[in-house]
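Chains as they are written, first to last, in our numbering: chain G, 41 to 385; chain F, 485 to 834.
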């Protein structure tokens, strides 16, 4: 170990220190450059998904919704212990969300859905909108009023209490949102059962007087349906032997047709779909659960879908409270519902 | 300094590239292409008329031309007359009319005026006319219309019934029915009614009739009437749920689409045996098939089909479809073309 190299050694030491200093600067500069690229890429990705993030923050993972009156309701919350493989129950709600209602929406469509991701089996039960039930907000009324009186909370709790089922999630969509999302997906292919005609179809989405009527006609057979045509198909009811029941069947048909579309939706599609939904969508599911549901929906074979509509004798026509309604036969309905859906705990 | 500026520019570019890459990965739902050519594997004789995006297109071999019809409304459901001219429906939001046009698209005559709004603003007084069909002797037209309405503006009832009228004389559709026409059918109310008439050489008429099962469903059967006032004979069962009949030139071979009340269909053929239908043979199973139509010779069948649940509706062809050994189904139009599946193709020998 000699120390006789002091001069040159000092020089070497200075060079080493200079070299180390330069190396440190290079590392710092390199890190800065890498970080700059990462931030830039991240910003590009965040900007791309911004509409979806906005919807995710605003409309998904809903844990509480507004409630008029003084009724005490438990908050809607997503089930914590659901895994991606556990069966779950989803209440699908659809409302006329045009300017007639000024935000006070009834639910023209209520479809209770059970999804089993393992067996790939789906059960859809349409709850007639005119079903005369005890509402969670107090008193009796048509079940479509539950959402009006207490939002999704009240709709869920009314269904849970009257049908004695447990509901894990809900998803609500307005008419304009349905039309937009179907158009964004390029429409759907469906088989119309019969000529669907209605001379009193509401002309409430065209921007004119929302109380006007229009004539609509959907021709029968296999065809491509735009969002507007699909809406006409699921919404028309006046010239129909089964009125709202037939409409419920057609709504289930369109959901089944939509399932074929979900096979082709990728993560990159989420922002444009979120933009098209606008404010016409709400769910208690998280954005992750919504996107996780899409491949499940796409993989369900047609033969594994059970469709239930509560026709007579499950319901009967009555005139009650000054209006036409459907009286439920709970003795028949509840055992039927229990076949497909878990009981409320 | 210059190097720093370049680096910053590259960083910004990488962010933009990440953003645009995601946009490229998006499932694009571009509008269907307009029909401009046909599949090179299929060259069919004569001229085939189809409807796409409100226009009528004529396919002759590999060439395609768009008929020069007046703009406005949706032109659909062409039918060929003996001289090569066409009957075509022009559909608007609240009504439709029947037109007689040349093979080039020049209007030779407007045969109905179903827009009543000029004289009465009541929307329910408008009428539909659809599914025109030319009688076997070429002198009369059969069609479905929502007239008569028993109580327009007072009732929700609006269903199709079937009528015929001479091609040479004027007829008009009004609240009480078709003036100058002959009524053939009385529909089962609130079902959509009777549609798609097919006049047969023996003077009978085959059609699709929708009926209320009384069990929460509406189904369709193929109905046969030997005359305007005769009773309808059901040729198929409600369980088969068959519609969209097309009869070959022999007047006996029937193509139809049967859904069995499901969300897919079978394209089937069967032979008329007097007033009943023989056993059906499935040509295409589990398809999104609609609107079959026969070649002038009666050997070959055209139909609309989406090859997959998300696919476009194209024109498909089966040679010798009525024979014991039908050929393989082939697509006539490109996969990018989306035709009006509710409008049967019209095949002219001209």
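Where a beta carbon is used, it is the ideal one built from N, C-alpha and C, also for glycine.
- Under the DSSP assignment, residue 681 of chain F falls in the beta strand (DSSP E) whose first and last residues are 678–683.
- Interface annotation for the region 219–236 of chain G against chain F: 223, 224, 225, 226, 227, 228, 229, 230, 231, 232, 233, 234, 235 and 236, criterion Cβ-Cβ distance under 9 angstroms.
- Proximity of chain G to residue 767 of chain F at the Cβ level (cut-off 8 angstroms) is not reached, the minimal Cβ distance being about 15 angstroms.
- The beta carbon of residue 492 of chain F falls within 9 angstroms of a beta carbon belonging to chain G, placing the residue at that interface.
- The three-state secondary structure of residue 584 of chain F, taken from DSSP, is strand.
- Secondary structure note for residue 131 of chain G: its beta strand (DSSP E) is the uninterrupted segment 128–135.
- Taking 9 angstroms as the cut-off between beta carbons, the residues of the region 641–669 of chain F near chain G are 641, 642, 643 and 644, in sequence order.
- What residue 301 of chain G touches in chain F, judged by beta-carbon distance under 7 angstroms, is 794, going in chain order.
- In the structure shown, the three-state DSSP call for residue 352 of chain G is coil.
- Counting the other CB atoms within 10 Å of its CB gives residue 363 of chain G a total below 16, which places it among the exposed residues.
- Closest in alpha carbon position to residue 609 of chain F, among F:650, F:623 and F:660, is F:660.
- Boundaries of the alpha helix (DSSP H) around residue 335 of chain G: 327–339.
- For residue 558 of chain F, there are no C-beta contacts with chain G under 9 angstroms, since the nearest C-beta of that chain is about 11 angstroms from it.
- Apart from sequence neighbours up to five positions away, the residues of its chain that approach residue 274 of chain G with a beta-carbon distance below 6 angstroms are 290, 291 and 294, ordered along the chain.
- Under a criterion of Cβ atoms nearer than 9 angstroms, the residues of chain G adjacent to residue 610 of chain F are, in order, 239 and 255.
- Interface annotation, residue 296 of chain G: in contact with chain F, CB-CB separation under 9 angstroms.
- By the Cβ rule, the region 159–171 of chain G does not count as touching the region 265–282 of chain G, because fewer than three pairs are nearer than 8 angstroms.
- The CB of residue 774 of chain F comes closer than 7 angstroms to the CB of 261, 262 and 263 in chain G, given here in chain order.
- Around the beta carbon of residue 744 of chain F, fewer than 16 other beta carbons lie within 10 angstroms, which makes this residue exposed.
- Residue 613 of chain F has a beta carbon lying at 9 angstroms or more from every beta carbon in chain G.
- For residue 707 of chain F, the nearest beta carbon of chain G is not closer than 9 angstroms to its own beta carbon.
- Within its own chain, the residues whose Cβ lies closer than 7 angstroms to the Cβ of residue 611 of chain F, once the five positions on either side in sequence are excluded, are 579, 598, 629, 630, 631 and 657, listed in chain order.
- Here residue 501 of chain F carries a helix assignment [DSSP, helix/strand/coil].
- The C-alpha of residue 732 of chain F is placed about 45 angstroms away from the C-alpha of residue 244 of chain G.
- At a C-beta separation below 7 angstroms, residue 280 of chain G has these neighbours in chain F: 674.
- A distance below 9 angstroms separates the beta carbons of residue 235 of chain G and residue 259 of chain G.
- With a threshold of 9 angstroms between beta carbons, residue 82 of chain G makes contact with chain F.
- Within the region 685–707 of chain F, the residues whose Cβ lies closer than 7 angstroms to any Cβ of chain G are, in chain order, 694, 696, 700, 702 and 704.
- Rounded to whole angstroms, the separation of the alpha carbons of residue 379 of chain G and residue 589 of chain F is 59 angstroms.
- Contacts with chain G at 9 angstroms (Cβ-Cβ) do not include residue 485 of chain F.
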